[in-house]
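Protein chains: 2
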Amino acid sequence: MKVYGVVMAGGSGTRFWPLSRQQRPKQFLNLTGGDAMINEAVARLRPVAKDGIFIVSSKSQREGLFQVLDKSIPKDHILLEPAARNTAACIGYAAIEIVRRYGDGVLVVIPSDSYIKNAEAFTEALSLAVERAAEQDAIVTIGIKPTFPATGYGYIRYEDVPSPVKPVKQFVEKPDRARAEEYIASGEFVWNSGMFIWKASLILQKIEKYLPELYKELLCIGDSVGTEREESVIDSVYPEMPSVSVDYGVLEKTDGIFVVPADLGWSDVGSLDMLEAVRPSDGDGNVTVGEAYPLETHHTIIYTGGKPVCTVGVDDLIIVDMPDVLLVCSKERAQDVKKIVEELRAKGKEELL
Amino acid sequence: MKVYGVVMAGGSGTRFWPLSRQQRPKQFLNLTGGDAMINEAVARLRPVAKDGIFIVSSKSQREGLFQVLDKSIPKDHILLEPAARNTAACIGYAAIEIVRRYGDGVLVVIPSDSYIKNAEAFTEALSLAVERAAEQDAIVTIGIKPTFPATGYGYIRYEDVPSPVKPVKQFVEKPDRARAEEYIASGEFVWNSGMFIWKASLILQKIEKYLPELYKELLCIGDSVGTEREESVIDSVYPEMPSVSVDYGVLEKTDGIFVVPADLGWSDVGSLDMLEAVRPSDGDGNVTVGEAYPLETHHTIIYTGGKPVCTVGVDDLIIVDMPDVLLVCSKERAQDVKKIVEELRAKGKEELL
């Protein structure tokens with residue numbers, strides 16, 4: 001059976017501001033010093049998704065996408081959503097396109113904005129997942145072996161059978177600290193990475209069952225695939241779709257899901273402090289990108305988009321100097337960068353967003 | 354007797370970097386939101402120094418000076434030092450020029466980089482000082498009534514006679530904290546403001562007595578005043594002058610000095626944190642110059658030379674965003690900004706200095 005990659009790349013990422021912008025979401029950024037996140041995701045999928053890689057992104061970000069995206073991705077593999085409708089719609093859209101174009105195939109669906117250090121382990125986990133999805137017509141997810149009691153991720157509980165592919169017992173929402181510690185101690189939980197492997201036909205079957213309204217809209221799109229009216233149908237149908245995550249809308253409701261626990265050196269690049277996970281630090285724990293002179297400075301992230309940045313006697317800051325705006329943020333408040341974005345929006349400073 | 358103002362404006366001020374630069378020392382900056390410090394000093398002198406105001410600055414800063422300086426100052430009142438040789442040389446130079454041009458006059462000598470809030474009290478103190486200097490051919494200084502046990506200023510001890518003009522008992526160097534507290538408690542001390550009022554002829558007489566080498570060089574300059582060779586004489590003589598402060602070289606050695614204690618709302622603008630003294634703050638104690646969005650930010654100084662600056666969850670910082678360089682400094686480390694300047698110089702980044 002054919003194997004297709006689907007990179008979900010529609011996010012906006014205000015917690016990454018001012019590195020990310022409305023027209024330049026974080027998946028278009030080169031955070032690691034290698035390539036843009038979206039291209040690193042594509043490169044990571046290639047060894048497994050041998051029959052083609054699809055990108056689902058936002059129509060409003062099309063210009064930035066075309067500037068950044070690996071030129072080897074064919075134009076007709078770029079699916080543009082006219083409105084953001086969460087992951088069930090996004091995955092359904094990719095599935096219906098693939099079913100109508102090629103009949104069927106295993107889809108390897110991954111987010112565009114995760115960081116993965118161990119490429120080989122990633123390929124290995126995906127290969128196992130693809131094999132299981134193809135052979136047993138199953139839904140398979142990749143679970144990240146937890147390294148600390150994170151409260152910012154969802155968890156997956158599995159049955160520890162003697163196989164690298166484990167039956168899923170339960171999907172659980174982001175826990176509080178105490179519960180996260182229990183999960184870790186039990187050894188039965190992995191983090192939900194947001195990566196799913198399943199046949200396009202199975203996805204549509206599950207959506208038909210659990211999200212019939214969405215299914216109806218997807219059929220409309222399906223009927224237009226390859227016709228002149230495809231774009232106009234998508235433009236009119238998409239905004240009507242229910243906005244629901246595939247986790248909540250499908251996975252939590254169905255049985256027979258598997259997970260491949262893996263040690264990927266994975267980070268969900270959720271806010272600016274994650275630069276520490278993807279960049280080397282100096283002897284004082286500072287991570288600097290661009291020309292920086294940190295004097296008696298510790299555990300500080302400095303990103304400069306042009307000019308030199310000097311610091312004296314500061315600790316635990318995030319400094320992002322862009323040509324049009326400067327952010328200085330306490331590292332422990334990295335999540336609150338979105339509040340500044342809200343304030344700037346309220347003050348009509350759209351040009352900075 | 355005629356009264357002339359002399360504004361000493363040759364300093365470099367690396368502790369004010371990156372607002373100040375080699376070619377744009379702090380006295381050329383508009384820190385208060387009113388005018389450049391040097392022009393505020395000139396304006397402050399006008400009510401007293403009725404017969405003209407002289408500027409002594411550095412030849413290397415001439416371009417910046419001419420851009421900034423109040424156009425009403427005649428060109429021949431601008432004295433440019435080819436080398437920095439401390440205050441005794443600076444004041445001696447102004448004195449010999451005035452003696453040779455006008456015979457004599459009372460000189461009101463003030464630094465260009467102090468901040469004075471109470472203009473009326475200043476005029477009043479200077480008028481008293483000028484009167485005493487003219488009548489008794491005395492050296493008179495202005496003393497600042499101390500508001501806290503500062504360790505960064507020199508002190509003047511005086512005899513508390515029933516006159517606003519008090520005899521000086523002693524000049525003392527910057528004290529340690531315990532001693533500063535004693536000084537304050539005694540009620541007999543004021544801060545040394547670096548402002549002196551005396552006749553030009555008396556200055557030269559004192560320099561002849563205590564700094565004879567300097568006097569000889571000043572005579573060479575004096576002989577050239579008004580001739581074609583004046584500039585070349587100054588260029589060759591000045592670098593040979595001893596570099597000594599007027600406090601150490603003259604005042605600490607001589608008797609019969611008076612001080613006028615005054616309550617001027619005075620600040621010696623020594624480092625960036627002084628912006629707090631000269632600018633209004635918001636309800637969270639932040640002082641911002643330019644477009645700033647301080648979110649959950651306290652007691653922070655933000656100066657932006659152009660683009661918006663956003664902060665989240667930070668306290669007690671100094672942020673100076675210039676078009677070519679950014680500084681982020683802990684407020685309590687404001688004095689150490691000069692270390693960054695040294696580091697940049699060592700790394701050959703002259704263009705930033």
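Listed in order, the protein sequences are those of chains A and B.
Every letter in the first sequence is one number past the one before it in the working numbering, and letter 239, counting from 1, is 239.
Every letter in the second sequence is one number past the one before it in the working numbering, and letter 237, counting from 1, is 590.
Where a beta carbon is used, it is the ideal one built from N, C-alpha and C, also for glycine.
Taking only the alpha-carbon atoms, compute the straight-line gap between residue 185 (chain A) and residue 147 (chain A) and give it to the nearest angstrom.
The residue you call residue 185 (chain A) lines up with position 185 of the first sequence. The residue you call residue 147 (chain A) lines up with position 147 of the first sequence. Cα-Cα distance, rounded: 11 Å.
If you run the structure through DSSP and keep just helix, strand and coil, what is residue 506 (chain B)?
On the second sequence, position 153 is the one that residue 506 (chain B) refers to. DSSP places residue 506 (chain B) in coil when its eight states are reduced to three.
Quick one: does residue 115 (chain A) have its CB under 8 Å from some CB of chain B?
Sequence index remark: in the first sequence, residue 115 (chain A) carries index 115 (1-based). Not closer than 8 Å to any Cβ of chain B, the Cβ of residue 115 (chain A) fails to qualify, so no.
Where residue 77 (chain A) falls: helix, strand or coil (DSSP)
If you number the first sequence from 1, residue 77 (chain A) lands on position 77. The answer is helix: DSSP assigns residue 77 (chain A) an H, G or I state.
Under 7 Å from the C-beta of residue 303 (chain A): neighbouring residues of chain B:
Residue numbering aside, residue 303 (chain A) sits at position 303 when the first sequence is read from its first letter. In chain order: nothing, as chain B lies at least about 11 Å away.
Proximity winner among B:409, B:618, B:632 and B:517, relative to residue 460 (chain B) (alpha-carbon distances):
Locating residue 460 (chain B) in the second sequence gives position 107, counting from the first residue. The candidate whose alpha carbon is nearest that of residue 460 (chain B) is B:409.
Alpha carbon to alpha carbon, how far is residue 157 (chain A) from residue 171 (chain A)?
As a working mapping, residue 157 (chain A) is identified with position 157 in the first sequence. As a working mapping, residue 171 (chain A) is identified with position 171 in the first sequence. Going by the C-alpha atoms only, they are around 6 Å apart.
Could you tell me which residues DSSP pairs with residue 8 (chain A) in its beta bridges?
Translated into positions along the first sequence, residue 8 (chain A) becomes position 8. Note: residue 8 (chain A) sits in a beta bridge opposite A:56 and A:111.
Cross-chain neighbours of residue 313 (chain A) in chain B, by beta carbon under 8 Å:
Mapped onto the first sequence, residue 313 (chain A) falls at position 313. Result: 682, 683, 685, 686 and 689.
Distance between beta carbons of residue 587 (chain B) and residue 625 (chain B), contact taken as under 8 Å
Within the second sequence, residue 625 (chain B) is the residue found at index 272, counting from 1. Within the second sequence, residue 587 (chain B) is the residue found at index 234, counting from 1. About 34 Å; that fails the 8 Å criterion.
Helix or strand or just coil, what does DSSP make of residue 602 (chain B)?
Counting from one through the second sequence, the residue named residue 602 (chain B) turns up at place 249. Looking at residue 602 (chain B) - three-state DSSP - the assignment turns out to be helix.
Looking at the secondary structure, which residues open and close the beta strand (DSSP E) in which residue 311 (chain A) lies?
Along the first sequence, read from residue 1 onward, the residue named residue 311 (chain A) stands at position 311. Looking at the DSSP string, the run of the beta strand (DSSP E) that includes residue 311 (chain A) is 309-312.
Run through the DSSP bridge pairs and tell me what residue 319 (chain A) is partnered with.
Position 319 of the first sequence, counted from the first residue, corresponds to residue 319 (chain A). In the DSSP output, where bridge partners are listed per residue, residue 319 (chain A) has A:302 and A:328.
9 Å Cβ cut-off: residues of chain B touching residue 339 (chain A):
Counted from its first residue, the first sequence places residue 339 (chain A) at position 339. Within 9 Å Cβ-Cβ: 648, 649 and 665.
Taking any Cβ of chain A, which residues in the region 627-649 of chain B have a Cβ under 7 Å from it, in chain order?
646 and 648
Check whether the Cβ of residue 703 (chain B) lies closer than 8 Å to any Cβ atom in chain A.
To locate residue 703 (chain B), count along the second sequence from 1; it is residue 350. It does not: the Cβ of residue 703 (chain B) has no partner Cβ on chain A nearer than 8 Å.
Measuring alpha carbon to alpha carbon, tell me which of A:294, A:325, A:247 and A:348 ends up nearest residue 689 (chain B).
Within the second sequence, numbered from 1, the residue matching residue 689 (chain B) stands at position 336. With distances taken between Cα atoms, residue 689 (chain B) lies closest to A:294.
Hey, would you say residue 578 (chain B) sits closer than 8 Å to residue 453 (chain B), going by beta carbons?
On the second sequence, residue 578 (chain B) is found 225 positions in, with the first residue counted as 1. On the second sequence, residue 453 (chain B) is found 100 positions in, with the first residue counted as 1. Closer than 8 Å, so yes.
Does the beta-carbon distance from residue 561 (chain B) to residue 590 (chain B) come in below 8 Å?
As a first step, residue 561 (chain B) must be located in the second sequence, where it is residue number 208. As a first step, residue 590 (chain B) must be located in the second sequence, where it is residue number 237. It is not a contact, given that the beta carbons lie outside the stated cut-off.
Under the DSSP definition of a beta bridge, which residues are partnered with residue 496 (chain B)?
Along the second sequence, one-based indexing puts residue 496 (chain B) at 143. Residue 496 (chain B) is bridged to B:545 and B:614.
List the DSSP bridge partners of residue 288 (chain A).
Position 288 of the first sequence, counting from 1, holds the residue named residue 288 (chain A). The partner list for residue 288 (chain A) (beta bridge, DSSP) reads A:302.
Check whether the Cβ atoms of residue 117 (chain A) and residue 81 (chain A) sit closer than 8 Å, and answer yes or no.
As a first step, residue 117 (chain A) is located in the first sequence; it is residue number 117 there, counting from the start. As a first step, residue 81 (chain A) is located in the first sequence; it is residue number 81 there, counting from the start. Contact flag unset, no.
With 16 other CB atoms within 10 Å as the buried threshold, where does residue 496 (chain B) fall?
Within the second sequence, residue 496 (chain B) is the residue found at index 143, counting from 1. It counts as buried.
Would you mind sorting residue 565 (chain B) into buried or exposed? The rule is 16 or more other CB atoms within 10 Å of its CB.
Residue mapping note: residue 565 (chain B) aligns to position 212 of the second sequence, counting from 1. Residue 565 (chain B) comes out exposed.
Counted within 10 angstroms of its Cβ, other Cβ atoms place residue 420 (chain B) as buried (16 or more) or exposed:
To locate residue 420 (chain B), count along the second sequence from 1; it is residue 67. Residue 420 (chain B) should be labelled exposed.
Could you tell me whether the Cβ atoms of residue 42 (chain A) and residue 76 (chain A) are closer together than 8 Å?
Residue 42 (chain A) sits at position 42 when you count from the first residue of the first sequence. Residue 76 (chain A) sits at position 76 when you count from the first residue of the first sequence. Result no, Cβ atoms of residue 42 (chain A) and residue 76 (chain A) do not sit closer than 8 Å.
From the DSSP output, in three-state form, read off residue 525 (chain B) for me.
Within the second sequence, the letter at position 172 stands for residue 525 (chain B). Strand, per DSSP.
What are the start and end residues of the beta strand (DSSP E) that includes residue 376 (chain A)?
Examination of residue 376 (chain A) is not possible in this model, given that chain A is present from 1 through 353 alone.
Within 10 Å of its beta-carbon, does residue 102 (chain A) have 16 or more other beta-carbons around it, so buried, or fewer, so exposed?
Reading the first sequence from its first residue, position 102 is the one you call residue 102 (chain A). Per the 10 Å Cβ criterion, exposed.
Are any of the Cβ atoms in chain B nearer than 8 Å to that of residue 343 (chain A)?
Locating residue 343 (chain A) in the first sequence gives position 343, counting from the first residue. Yes, contact with chain B.
Could you please give the first and the last residue of the uninterrupted alpha helix (DSSP H) stretch that includes residue 208 (chain A)?
Looking up residue 208 (chain A) in the first sequence gives position 208. 200-210 is the span of the alpha helix (DSSP H), which, as asked, contains residue 208 (chain A).
Quick one: grab the DSSP three-state call for residue 371 (chain B).
In the second sequence, the residue the question calls residue 371 (chain B) occupies position 18. DSSP places residue 371 (chain B) in coil when its eight states are reduced to three.
Residues in the same chain with beta-carbon distance under 7 Å from residue 528 (chain B), minus the five sequence neighbours each way, listed in chain order, please.
Mapped onto the second sequence, residue 528 (chain B) falls at position 175. Counting only Cβ-Cβ distances below 7 Å, and skipping sequence neighbours, we find 504, 508 and 536.
Please compile the residues from chain A whose C-beta is within a distance smaller than 7 Å of the C-beta of residue 706 (chain B).
Numbered from its first residue, the second sequence carries residue 706 (chain B) at position 353. What residue 706 (chain B) touches in chain A: nothing, since even the nearest Cβ is about 12 Å away.
Answer with yes or no whether the minimum CB distance from residue 372 (chain B) to chain A is below 8 Å.
The residue you call residue 372 (chain B) lines up with position 19 of the second sequence. No - not a single Cβ of chain A is within 8 Å of the one on residue 372 (chain B).
Could you have a look at residue 31 (chain A) and say whether DSSP puts it in helix, strand or coil?
Here residue 31 (chain A) refers to the residue found at position 31 of the first sequence. DSSP places residue 31 (chain A) in coil when its eight states are reduced to three.
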